[in-house]
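Following: one structure in structure tokens, then a few remarks.
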Amino acid sequence: AFWVLLDFEKPIVFHTSGDFPVKLHFFSENEEYEILYVPLEQEILVDHVMKSIPRHDVLRLVVLENIQQAAKLSIEGVLAFCVVDDSGSVSYYGRR
Numbered sequence: 056a057f058w059v060l061l062d063f064e065k066p067i068v069f070h071t072s073g074d075f076p077v078k079l080h081f082f083s084e085n086e087e088y089e090i091l092y093v094p095l096e097q098e099i100l101v102d103h104v105m106k107s108i109p110r111h112d113v114l115r116l117v118v119l120e121n122i123q124q125a126a127k128l129s130i131e132g133v134l135a136f137c138v139v140d141d142s143g144s145v146s147y148y149g150r151r
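The sequence shown finishes on residue 151 if you use our numbering, and the numbering steps up by one all the way, no holes.
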């Protein structure tokens, strides 16, 4: 989640930690964002938890171990799926 936050291009006004499975909340310009992390083999659990949380106008960046995990998720409000390599480089993928 840290690398995704650092990689964000718009100025960040405020950020704070989140509750599972949200790692970080942050605000940029007039938009609210959440960064979620989905460990391998935890897709069903995270999906279930996110369905139980009321969705407001928040944009979600979902950090995955690999992009194949995205097909197992149905989280609402996903702006992008992200995969971070060992050097901290972030790759972004849209929902198909």
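A virtual CB, placed ideally from N, CA and C, is assigned to each residue, including glycine.
| Query | Result |
| --- | --- |
| In DSSP terms, what V101 is bridged to | According to DSSP, V101 bridges with nothing at all. |
| Reference N85; option with closest CA among V113, E98 and E96 | V113 |
| Extent of the continuous beta strand (DSSP E) run through E89 | E86 to V93 |
| Extent of the continuous beta strand (DSSP E) run through K78 | V77 to S83 |
| Cross-strand partners of V138 (DSSP beta bridge) | L119 and S146 |
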